[in-house]
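K.L.:
Position one of the sequence shown corresponds to residue 731 (the working numbering), numbered consecutively onward.
Don't be surprised by glycine CBs; every beta carbon is placed ideally from N, CA and C.
Quantities reported herein were computed from a predicted structural model and do not represent experimental measurements.
The structure that follows is given in the form of structure tokens.
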Amino acid sequence: MSPDTAAQGRPIVEIEGLRKTYRVGFLMRPVEAVRGVSFTVNEGEIVGLIGPNGSGKTTTLKVLLGLCAPSAGGARLFGLDARDRRAREKVGFLPENPYVYPYLTPREFIDLGARLSSVDAGQRQRRVEEAMARTGIGWAADRRVGSLSKGMLQRTGLAAALVADPQLLVLDEPMSGLDPLGRREVRDLIFEERRLGRTVLFSSHVLGDVEALCDRVVILRKGQVLVSGVIRDLVRPSATLTELTLRAASEATRAAIDALGESTRLVRAVGDELVLEIAGDEALHQAIERALSTGARVAAAVPKKDTLEDLFVRQALKSGDEAA
């Protein structure tokens, strides 16, 4: 399903005007963790909920899953209030730090998840085996969980989230503790879930993961929505900057480049190698011509694609905050 098709699907997650205030400390001082957050997730979409630590991502997911009550506003799942037990029957959830009973094996824990999700007894063993195979935990299926690494615990928790064949996956930092191969496997699994018609909402503070996976993004900062929308609309599609690498550069080269003014920025200089960041095609052509005229060589000219990180920094600066 394409992002355009997904955007036309029915709303699966609806969060409107959500606020959550905690009371902390001896004096029960109020701390507002979420301040008026609103967004939707439509059927068949992959939506990323991102932001720095403390931005309200996990609290938002906890309210959505009925793990804590909102102070104001609300959340709906499949058209039902998120506090309604029936709303969560079609949801698979992976918390940021899944607690897996250390005396169980992955097979036993995933089977427990299937039982708690009321998976039919005749299908339970097959579902458990499939979930373990998809998450790469099968080779350690009968080891005690207490002996497993953080990454393998994460895989076990993800398998438990998948075992009941949910229509909506809610994943809180699903790549946490995984090695590069594990991260790639989880990304492939999330894409496969969308191909099968599932809806995925996941939180992360790693912007590269979100950019690679998501149709839409919601960026939180200090409990509020900083920006949200379709990624391809938010991230500038055309590169406006080019990283130019020059070798055999002399003082004359540097002087010629400096004369171009603010359109050219020196990124680093190591020996006779210069790395420059140049804005605009005209400035790039001038920089190359001037460098060649002084005897320098062009080693590389690489367009710099705008990223979610660039977007986040721009929006944070626009709001008057320091970027996290």
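1. When you compare only the Cα positions, how much space is there between Leu-943 and Thr-994?
2. Give me, in chain order, the residues of the same chain whose beta-carbon lies closer than 6 Å to that of Glu-922; leave out the 5 immediate sequence neighbours on both sides.
3. Mind checking Leu-846: buried by the 16 CB within 10 Å criterion, or exposed?
4. Would you check if there are 3 or more beta carbon pairs closer than 8 Å linking the segment 943-956 to the segment 783-791?
5. With distances taken from CA atoms, which of Pro-741, Gly-881, Thr-972, Ala-999 is nearest Gln-1016?
6. Give the DSSP-derived three-state secondary structure of Gly-938 in the structure shown.
7. Can you find the residues in the same chain that come closer than 7 Å, C-beta to C-beta, to Lys-820, ignoring five residues on each side of it along the sequence?
8. Select from His-935, Leu-901, Thr-929, Arg-874 the residue whose C-alpha is nearest the C-alpha of Asn-783.
9. What are the complete beta strand (DSSP E) segments, minimum 3 residues, inside the segment 863-936?
10. How should Pro-904 be labelled, buried or exposed, when 16 other C-beta atoms within 10 angstroms of its C-beta is the threshold for buried?
11. Can you pull the DSSP bridge partners for Asp-811?
12. Taking the alpha-carbon positions, what's the Thr-865 to Leu-926 distance?
13. Gly-887 and Pro-828 - do their beta-carbons sit closer together than 8 Å?
14. Could you tell me how far apart the beta carbons of Ala-1013 and Ala-986 are, in whole angstroms, since I believe they sit closer than 8 Å?
15. Over what stretch of residues does the beta strand (DSSP E) that includes Arg-977 continue unbroken?
16. What do you get for Lys-880, buried or exposed, if any count of 16 or more other CB atoms within 10 angstroms of its CB means buried?
17. Taking all protein chains shown into account, do 16 or more other C-beta atoms lie within 10 angstroms of the C-beta of Val-1059, making it buried, or fewer, making it exposed?
18. Taking the beta strand (DSSP E) that Gly-781 falls in, what are its first and last residues?
19. Nearest to Ala-989 by alpha carbon, out of Glu-775, Val-965, Glu-1019, Thr-970?
20. Nearest-angstrom Cα distance between Val-743 and Ala-1029?
21. Pull up the CB-CB distance for Ile-745 and Ile-920, whole angstroms please, since I reckon it's below 8 Å.
22. Taking the alpha carbon of Leu-794 as the reference point, which residue from Leu-911, Pro-825, Gly-774 has its own alpha carbon closest?
23. With burial defined as no fewer than 16 other Cβ atoms inside 10 Å of the residue's Cβ, what is the status of Arg-998: buried or exposed?
P.N.:
Answer, in terms of the structure:
1. 33 Å
2. none
3. exposed
4. yes
5. Thr-972
6. helix
7. Phe-808, Pro-896, Gln-897, Leu-898
8. His-935
9. 898-902, 929-934
10. buried
11. Arg-806
12. 16 Å
13. yes
14. Wrong, their Cβ atoms sit about 13 Å apart, outside the cutoff.
15. 971-977
16. exposed
17. In the structure displayed, the chain extends from 731 to 1054; residue 1059 sits before or after that span and is not available.
18. That residue, Gly-781, is in no beta strand (DSSP E); it is neither H nor E in DSSP.
19. Glu-1019
20. 50 Å
21. Not confirmed; about 21 Å, so no contact.
22. Pro-825
23. exposed
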